[in-house]
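**Q** My questions all concern the structure below.
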């Protein structure tokens, strides 16, 4: 019998979904159950987020960032072997890490089709967090011009991100995690983003949104 580790055993899909404190209870809910979804967590809040299906971790990677040969990718990690995990190449000619970071959050929101659900997205990008918490309201008032009267960079993606957030009934919370410091979700999202950067180039199409802003997104 496996040694029970302390923590919270979350069953999202099993005989009786819920949070269990012992391995014996946990195992009885998932053993032999087809396509069971379960995971152990150290924190109860993480276990609750897993069951409520609202926890995502995003990351980006850009090989040769700042050069003409740059290749960027994004990763969205829900959990081990979760079919909703994403590994994609950043579309368009502008292959930068900042664009990839923004696009990763965009794809994380788009991957949750139930707009009533509250989302908590974990990212190591303070740049994206500051866009949402500190800067975007000012930019909107100023017509997406900076305090130096210059156009805001990557505003096509920023406008797209804002529109997605506003279109949801449930809240969207961005939570900062430190990159490359042993955070499991962040490390897995990082791996997915690196794989995405080596995928075939995505040609950007000239499209218009309802607000007549041409956009193409990527983190």
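In our numbering, the protein residues as written are 2 to 220.
All residues carry an ideal CB built from backbone N, CA and C; glycine is no exception.
State the start and end residues of the unbroken beta strand (DSSP E) segment that holds residue 38.
**A** Segment 38-42, the beta strand (DSSP E) holding residue 38.
**Q** Straight-line CA distance for residue 27 to residue 17?
**A** Their Cα atoms are separated by approximately 10 Å.
**Q** With 8 Å set as the bound, which would you pick, yes or no: does the beta-carbon of residue 70 sit closer than that to a beta-carbon of chain D?
**A** Absent here is chain D; the protein component of the structure consists of one chain.
**Q** Cβ of residue 75 within 8 Å of Cβ of residue 89?
**A** Taking 8 Å as the Cβ cut-off, residue 75 and residue 89 qualify as a contacting pair.
**Q** What do you reckon, are the CB atoms on residue 100 and residue 155 nearer than 8 Å?
**A** Contact: yes.
**Q** Per DSSP, which residues does residue 173 bridge with? Please list them.
**A** 120, per the DSSP bridge assignment.
**Q** Out of 152, 191, 178 and 15, which has the shortest C-alpha to C-alpha gap to residue 52?
**A** It is 15 whose Cα lies nearest to the Cα of residue 52.
**Q** Leaving out the 5 sequence neighbours to the left and right, which residues in its chain are closer than 6 Å to residue 48 when beta-carbon positions are compared?
**A** So the qualifying residues of the chain are 9, 11, 20 and 42.
**Q** Using the Cα positions of residue 203 and residue 25, report the straight-line distance between them to the nearest angstrom.
**A** Going from the Cα of residue 203 to the Cα of residue 25 covers about 48 Å.
**Q** Under DSSP, the alpha helix (DSSP H) around residue 28 begins and ends at which residues?
**A** Where residue 28 is concerned, the enclosing alpha helix (DSSP H) stretches over 24-31.
**Q** Is the stretch 139-159 touching the stretch 32-39 in the sense that three or more CB pairs, one from each, lie closer than 8 Å?
**A** No, because fewer than three Cβ pairs between the stretch 32-39 and the stretch 139-159 fall closer than 8 Å, the two stretches do not touch.
**Q** Please determine, among 173, 130, 139 and 44, the residue with the shortest C-alpha to C-alpha distance to residue 22.
**A** Closest by alpha carbon: 44.
**Q** Note down the Cα distance separating residue 162 from residue 201, rounded to an integer number of angstroms.
**A** Roughly 24 Å separates the two Cα atoms.
**Q** Please report how far the alpha carbon of residue 105 lies from the alpha carbon of residue 7, in whole angstroms.
**A** Their Cα atoms are separated by approximately 33 Å.
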